[in-house]
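These protein sequences, in sequence, are chains R and V. The first sequence begins at 1 in our numbering and counts up one residue at a time. The second sequence begins at 1001 in our numbering and counts up one residue at a time.
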Amino acid sequence: MSAVEAAASPAPSEWRRAARDTLPMLLGFVPIALVLGAQAAQKGLAAGELVLMTGLNFAGGSEFVAVDLWASPPPVLLIVAMTLLVNSRHVLMGAALAPFLAHLPLRRALPALYLMCDEAWALGIADARRRRAAGLGFSLSYYLSAAAMMWSTWVAFTGLGALFGPAVGDLRPWGFDMAFAAIFLVLLRGMWTGVRAAQPWLVSLVAAGSTYLMVPGGWYVLVGAVSGVAAAWALGGRS
Amino acid sequence: MIDPLVLLTVLGMAAATYSTRAVGFLALRNRTLSRRATRVLEAVPGCVLISVIAPRFVSSDPRELVAIAVTLVAAARLPLLPTVLISVAVTALTRHL
Chain R
1 MSAVEAAASP
11 APSEWRRAAR
21 DTLPMLLGFV
31 PIALVLGAQA
41 AQKGLAAGEL
51 VLMTGLNFAG
61 GSEFVAVDLW
71 ASPPPVLLIV
81 AMTLLVNSRH
91 VLMGAALAPF
101 LAHLPLRRAL
111 PALYLMCDEA
121 WALGIADARR
131 RRAAGLGFSL
141 SYYLSAAAMM
151 WSTWVAFTGL
161 GALFGPAVGD
171 LRPWGFDMAF
181 AAIFLVLLRG
191 MWTGVRAAQP
201 WLVSLVAAGS
211 TYLMVPGGWY
221 VLVGAVSGVA
231 AAWALGGRS
Chain V
1001 MIDPLVLLTV
1011 LGMAAATYST
1021 RAVGFLALRN
1031 RTLSRRATRV
1041 LEAVPGCVLI
1051 SVIAPRFVSS
1061 DPRELVAIAV
1071 TLVAAARLPL
1081 LPTVLISVAV
1091 TALTRHL
């Protein structure tokens, strides 16, 4: 293999490492993608149109909101504005990832950010921190492999959901949706460095939980994240 | 043929989402951060993750609370895959009660 090819395709061991960490996550992706596809079909979106949306946008939360608001003709501005709002947390996520990606040329960093869904980002940043603790640099191969597996699973199963949704029925009784909570809690444990550093998490949990109960829509994620970050800023001045 | 308004909506969504993904990185990539700013950024991942799953912790359905409690205990002790399997199984079980 030439050096150019070696640089273009992920090292096999990094790909395998990413697959091992990503597979449990895909278990959570599949039922959610099928549900989104089934809802989209009900709203009159063709499978091709939905696949275009999930492939180009690749942010599940905003896609559920878009399908929920969908009509014929679609309310273009409302859907685009809600997408911006629901995904505003990505600004913080990109900022947190910036120190790890800063050494990359833009032609590699910008496409990598295109695939930055919550789960790819969470795996990528958890891996980056482990590697930093071991004196290693960011593994773009690991991150891209994980993100590409998530992207292809998401696009394929949202499309299948739109084609066969009505026949699949309700998957919620089978508990698959809890997979994301389990994954995120394991990732949080990996980020745990002590009660003090985790205080902002508690602020986020309380703020997001109470916003969820009081305000309809996806606001709770933004309110929770911003509240926790504000708490971290306030606590950061001490010690 | 795809409807032009559908295409416009999808392209608008994609542009909105990509801008949120690129802007935080572009703003910070050439900066040297203060110690406080670094600490704040280190708190971001946990804050985002816990906020996304926060609704699980305030469910009005006691079965869902049992499921998230078991998930929390499993996540504190076990590797990823066993945690996910236990969590999904317990959730399915409580929903069938």
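Glycine is no exception: its CB is placed at the ideal position from the N, C-alpha and C atoms. Remember, predicted model here, so these are calculated numbers, not experimental data.
Between phenylalanine 157/R and valine 76/R, the gap from beta carbon to beta carbon reaches 8 angstroms or more. Counting the other Cβ atoms within 10 Å of the Cβ of serine 227/R gives 16 or more, which makes it buried. Non-local beta-carbon contacts of tyrosine 220/R in its own chain, meaning distances under 6 angstroms to residues more than five positions away in sequence, involve Ala208, Thr211, Tyr212 in chain order. With a threshold of 16 other beta carbon atoms within 10 Å, alanine 162/R meets it and is buried. Going by beta carbons, glycine 55/R and glycine 165/R fall outside the 8 angstroms limit. Put simply, the backbone Cα of leucine 69/R is about 25 angstroms away from that of phenylalanine 176/R.
For the region 1054-1068 of chain V, the set of residues with a beta-carbon nearer than 7 angstroms to any beta-carbon of chain R comprises Ala1054, Pro1055, Arg1056, Phe1057, Val1058, Ala1067, Ile1068, in chain order. In this structure, DSSP gives cysteine 117/R a state outside helix and strand, which the three-state scheme calls coil.
Residue state for serine 139/R is assigned as coil, using DSSP reduced to three classes. Among the CB atoms of chain V, one or more fall inside 8 angstroms of the CB of proline 173/R.
8 angstroms or more divides the Cβ of alanine 1075/V from the Cβ of valine 35/R. Put simply, of Leu1081/V, Arg1029/V, Arg1063/V, Pro1082/V the residue whose alpha carbon is nearest the alpha carbon of leucine 113/R is Arg1029/V. Taking C-beta separations shorter than 6 angstroms and ignoring five residues to either side along the sequence, the partners of threonine 1091/V in its chain run Ala1067, following chain order. For serine 13/R, the closest of Ser145/R, Phe180/R, Ser62/R, Pro111/R by C-alpha to C-alpha distance is Ser145/R.
Listed in chain order, the positions of the region 1003-1019 of chain V with a beta carbon within less than 9 angstroms of a beta carbon of chain R are Asp1003, Leu1005, Val1006, Leu1007, Leu1008, Thr1009, Val1010, Leu1011, Gly1012, Met1013, Ala1014, Ala1015, Ala1016, Thr1017, Tyr1018, Ser1019. Under the Cβ distance rule, leucine 160/R does not count among the residues neighbouring chain V, no pair being separated by less than 8 angstroms.
Asparagine 57/R: member of the alpha helix (DSSP H) spanning 47-57, first to last residue.
For proline 99/R, the uninterrupted alpha helix (DSSP H) segment begins and ends at 89-101.
Taking a Cβ-Cβ threshold of 9 angstroms, none of the residues of chain V is close to isoleucine 32/R; the smallest such distance is about 13 angstroms.
Under the 8 angstroms criterion on CB atoms, leucine 1097/V is classed as non-interfacial with respect to chain R. In the DSSP assignment, serine 62/R falls within the alpha helix (DSSP H) that extends over 60-69. Using a Cβ-Cβ cut-off of 8 angstroms, serine 145/R does not count as an interface residue toward chain V, since no Cβ of chain V sits closer than that to its own. Note that the C-beta distance between methionine 82/R and glycine 1024/V is not below 8 angstroms. Residue-level contact by beta carbon holds for methionine 53/R and chain V, with a gap shorter than 8 angstroms.
Nearest to alanine 182/R by alpha-carbon distance, out of Leu1097/V, Ala1089/V, Leu1093/V, Arg1095/V, is Ala1089/V. Shortest Cα-Cα distance from leucine 85/R to any of Ala230/R, Val229/R, Arg130/R, Gly217/R involves Gly217/R. Contact note: methionine 116/R reaches chain V through Arg1021, using a C-beta cutoff of 8 angstroms and chain order. Excluding five sequence positions before and after valine 223/R, the CB atoms of its chain that fall closer than 7 angstroms to its own CB belong to Ala207, Ala208, Thr211, given in chain order. One finds Val1010, Leu1011, Met1013, Ala1014 in chain V with Cβ atoms closer than 8 angstroms to the Cβ of leucine 56/R, taken in chain order. For arginine 1029/V, there is no enclosing alpha helix (DSSP H), since its DSSP letter is neither H nor E. Under the 8 angstroms criterion on CB atoms, valine 195/R is classed as non-interfacial with respect to chain V.
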